[in-house]
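The listed protein sequences correspond, in order, to chains A and B. For what it's worth, the working numbering labels the leading residue of the first sequence as 1, then goes sequentially. For what it's worth, the working numbering labels the leading residue of the second sequence as 228, then goes sequentially. One structure is given here, and the rest of the page talks about it.
2 protein chains.
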Amino acid sequence: MVSGMSQVDDATGLGRLEPKSLVQLAADAVRKKILAGDLEPGERLIEERLTKELGISRPPLREALRLLQQEGLVVNQPRRGSTVVELTSEDVYEILTLRSGLERMAVELGVPVQDPARLEVCRQALARMRACAQAEDRGGLVEAGYAFHASIVALAGHGRLSAMYNSLYQQLLLCMARNLYVRERFYEDLETHVDRHQELLDVVERGDPKAVLEALAAHGERSFSSM
Amino acid sequence: MVSGMSQVDDATGLGRLEPKSLVQLAADAVRKKILAGDLEPGERLIEERLTKELGISRPPLREALRLLQQEGLVVNQPRRGSTVVELTSEDVYEILTLRSGLERMAVELGVPVQDPARLEVCRQALARMRACAQAEDRGGLVEAGYAFHASIVALAGHGRLSAMYNSLYQQLLLCMARNLYVRERFYEDLETHVDRHQELLDVVERGDPKAVLEALAAHGERSFSSM
DNA sequence: ATACAAACTATTGTAGACAATAGTCCAACA
DNA sequence: TGTTGGACTATTGTCTACAATAGTTTGTAT
């Protein structure tokens with residue numbers, strides 16, 4: 001699940017090869033544990049235990065936790081350590097509204113698309129979705145769906161916007177990992193699920209921003225009306 | 228400058244008293260140094276030097292730098308340390324577009340205002356702006372202007388939205404500290420500057436979202452057309 | 001004189017240990 | 001029996017020291 005994400009995160013552009021520091025690796029590992037449900041919401045993150053699991057010492061782990069804290073996956077109370085964030089329905093509301101708002105901004109900034117290469121990324125992500133749907137690989141579908149939406153946002157060529165979106169999507173995945181409604185959604189026809197995204201991309205490729213916004217609204221409503 | 232900001236950041240709501248950790252203090256101090264121009268964009272942040280200045284050891288400082296890294300004020304290259312972020316014109320474009328987009332979202336979510344207390348915060352911030360303008364306290368005016376815009380965004384009662392906005396505004400302040408256009412803007416009549424914000428608040432109080440959006444667009448355009 | 005290589009220095013990355021605090025449990029008293 | 005006080009333990013906060021790396025400078029050879 002996270003492997004696909006790092007693939008997205010790696011899109012820093014230039015080919016400068018940067019040996020990932022232990023901090024980055026630790027952050028990735030803990031993030032993966034959280035999103036995989038290995039660490040449950042509200043659970044205390046005992047530093048010493050994590051260091052033993054990861055085979056590192058505390059300083060890099062603590063720095064990694066600071067990163068996750070800013071990402072919104074971990075909350076840190078002074079003198080009381082870190083815990084996995086617990087998302088209330090209020091939080092879910094915030095995440096969903098921000099998400100749709102950011103997507104809207106991205107469309108307004110990025111459609112019609114100038115750089116064809118960016119569209120190609122969307123197409124490939126959609127193809128991956130379809131492949132996962134046919135294989136009934138629900139985990140892969142979630143991951144590919146993330147890549148697809150991220151690629152749509154990336155059409156704007158707006159680094160900070162994409163960064164915010166990705167950070168937010170992490171939290172959304174955390175909801176989805178736990179929440180009932182998503183599981184239910186996943187009993188809908190997987191092909192239909194992909195088709196809806198296909199339609200969205202079609203409208204994007206056609207290049208009319210207003211039409212995309214309408215499609216996006218419909219898409220979002222269908223996705224989250226059950227909340 | 229930063230004192231006023233922490234005042235805003237402290238708005239975590241509840242009265243739970245949390246002894247600030249060295250990490251938080253260090254992050255605040257370094258942020259202040261950066262925004263005050265004490266540390267210039269592109270400048271390397273030598274850890275040992277900062278520790279001596281702040282009188283702390285490296286681990287908490289490093290964690291603070293991780294926070295600032297996620298806030299976008301500091302960039303960290305593995306094995307090569309941290310530097311103050313250098314904002315290109317592309318970055319400024321990103322910051323300004325995101326800023327206006329987030330403000331728009333906030334208005335759409337928060338106008339008309341339900342909680343009168345939130346409006347009161349706006350009014351007080353505006354009063355502070357006017358006081359600073361009359362005293363020709365340009366530094367204070369910048370700070371109060373930040374508080375005003377933050378309070379407008381806070382009308383939405385959307386924690387994540389406000390957090391993103393604040394983080395972005397830090398970077399905007401970093402531009403403003405350096406960039407020419409702002410200095411020029413500040414030779415305009417300070418009272419007029421405040422008046423423009425007054426008009427914005429008036430429209431907000433009137434409660435028509437569409438009118439606010441228009442006012443906001445005009446406001447933004449006047450503020451940044453010179454970019 | 002210039003280019004390349006090797007050593008050196010400055011700085012970051014990581015580790016382990018110590019200090020301080022918060023939560024918990026048990027006992028004693030009202 | 002309920003409550004308060006104190007000690008204990010687990011965990012975080014912080015510091016010092018060591019290892020590793022990148023940048024720089026100097027020397028030598030062509």
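Just so it is clear, CB atoms sit at the ideal spot from N, CA and C, and this is done for glycine as well. All values derive from a computational prediction rather than experimental measurement.
Q: Please state if the CB of Ala150 of chain A and the CB of Tyr165 of chain A are separated by a distance shorter than 8 Å.
A: yes
Q | Coil, strand or helix - Arg271 of chain B by DSSP | A | strand
Q: Give the interface partners of His385 of chain B over in chain A, defined as CB-CB distance under 8 Å, in chain order.
A: Glu94, Thr97, Leu98
Q: Determine the closest residue to Gly72 of chain A out of A:Asp202, A:Pro116, A:Arg31, A:Val23, with distance taken between C-alpha atoms.
A: A:Arg31
Q.
What does the alpha-carbon distance come out to for the pair Leu368 of chain B and Arg58 of chain A?
A. 43 Å
Q.
Can you tell me whether Val229 of chain B is helix, strand or coil according to DSSP?
A. Confidence is the limiting factor: at Val229 of chain B the pLDDT is only 35, short of 50, which leaves the residue's position unreliable, though a coordinate-based value still follows. Note: Val229 of chain B maps to helix in three-state DSSP.
Q: Look at the Cβ atom of Val74 of chain A, then the Cβ atom of Leu65 of chain A, and state whether they are nearer than 8 Å.
A: yes
Q: Please report the residue range of the beta strand (DSSP E) in which Thr83 of chain A lies.
A: 81-84
Q) Roughly how many whole angstroms lie between the Cα atoms of Thr97 of chain A and Val121 of chain A? A) 25 Å
Q: Closer than 7 Å by beta-carbon distance: list the chain B residues that pair up with Met105 of chain A, in chain order.
A: Gly328
Q) Fully enclosed by the stretch 306-387 of chain B, which beta strand (DSSP E) runs are 3 residues long or longer? A) 308-311
Q) How long is the line joining the alpha carbons of Leu61 of chain A and Ser82 of chain A, rounded to whole angstroms? A) 11 Å
Q | Distance between Glu188 of chain A and Gly220 of chain A (C-alpha atoms, nearest Å) | A | 16 Å
Q.
Determine whether the beta carbon atoms of Leu336 of chain B and Ile283 of chain B lie at a separation below 8 Å.
A. no
Q. Which chain A residues sit within Cβ distance under 8 Å of Glu290 of chain B?
A. Arg62, Glu63, Arg66
**Q.** Within 8 Å, strictly: CB atoms of Ser128 of chain A and Ala154 of chain A
**A.** Per the sequence shown, residue 128 of chain A should be read as Arg rather than Ser. No; because the gap between Cβ atoms is not below 8 Å, this pair is not in contact.
Q | Interface residues of chain B facing Met164 of chain A [CB-CB closer than 7 Å] | A | Met391
Q) Based on the DSSP secondary-structure assignment, which residues constitute the bridge partners of Asn393 of chain B? A) BP columns for Asn393 of chain B are empty, so no partner.
Q) Measuring CB to CB, does Met332 of chain B end up less than 8 Å from Gly42 of chain A? A) no
Q: Measuring alpha carbon to alpha carbon, tell me which of B:Val312, B:Leu401, B:Lys247, B:Val340 ends up nearest Met78 of chain A.
A: Per the sequence presented here, residue 78 of chain A reads as Pro, with Met not at that position. Measuring from the Cα of Pro78 of chain A, the nearest candidate turns out to be B:Lys247.
Q) Who are the neighbours of Leu161 of chain A on chain B, taking C-beta pairs under 9 Å? A) Glu321, Thr324, Leu325, Gly328
(Q) If distances are taken between C-alpha atoms only, which option among A:Thr88, A:Ala147, A:Val84 comes closest to Leu39 of chain A? (A) A:Val84
Q. Can you give the Cα-Cα distance for Gln171 of chain A and Asp202 of chain A, rounded to whole angstroms?
A. 28 Å
Q. Since Ile261 of chain B is in the alpha helix (DSSP H), which residue starts that stretch and which ends it?
A. 249-262
(Q) I believe Val204 of chain A touches Val194 of chain A by the beta-carbon criterion, under 8 Å. Please report the beta-carbon distance rounded to the nearest angstrom. (A) Rounded, the Cβ-Cβ distance is 15 Å, inconsistent with contact.
Q) Based on the DSSP secondary-structure assignment, which residues constitute the bridge partners of Gln304 of chain B? A) B:Gly308
Q) Do you know offhand how far Arg326 of chain B's Cα is from Lys279 of chain B's? A) 36 Å
**Q.** Where Leu401 of chain B meets chain A, residues with beta-carbon distance less than 9 Å
**A.** What Leu401 of chain B touches in chain A: nothing, since even the nearest Cβ is about 13 Å away.
Q: Taking only beta-carbon positions, decide if Gln114 of chain A is within less than 8 Å of chain B.
A: no
Q. Lys210 of chain A: buried (16+ other C-beta within 10 angstroms of its C-beta) or exposed?
A. exposed
Q) Over what stretch of residues does the alpha helix (DSSP H) that includes Asp195 of chain A continue unbroken? A) 190-206
Q) Quick one: does Gln70 of chain A have its CB under 8 Å from some CB of chain B? A) yes
Q.
Measuring only the C-alpha atoms, how far is Arg405 of chain B from Ala263 of chain B?
A. 10 Å
Q) Taking C-beta to C-beta, are Leu87 of chain A and Leu173 of chain A nearer than 8 Å? A) no
Q | C-beta contact flag for Glu103 of chain A and Leu216 of chain A at 8 Å | A | yes
Q: Can you give me, in chain order, the residues of the stretch 253-268 of chain B that have a beta carbon less than 9 Å from any beta carbon in chain A?
A: none
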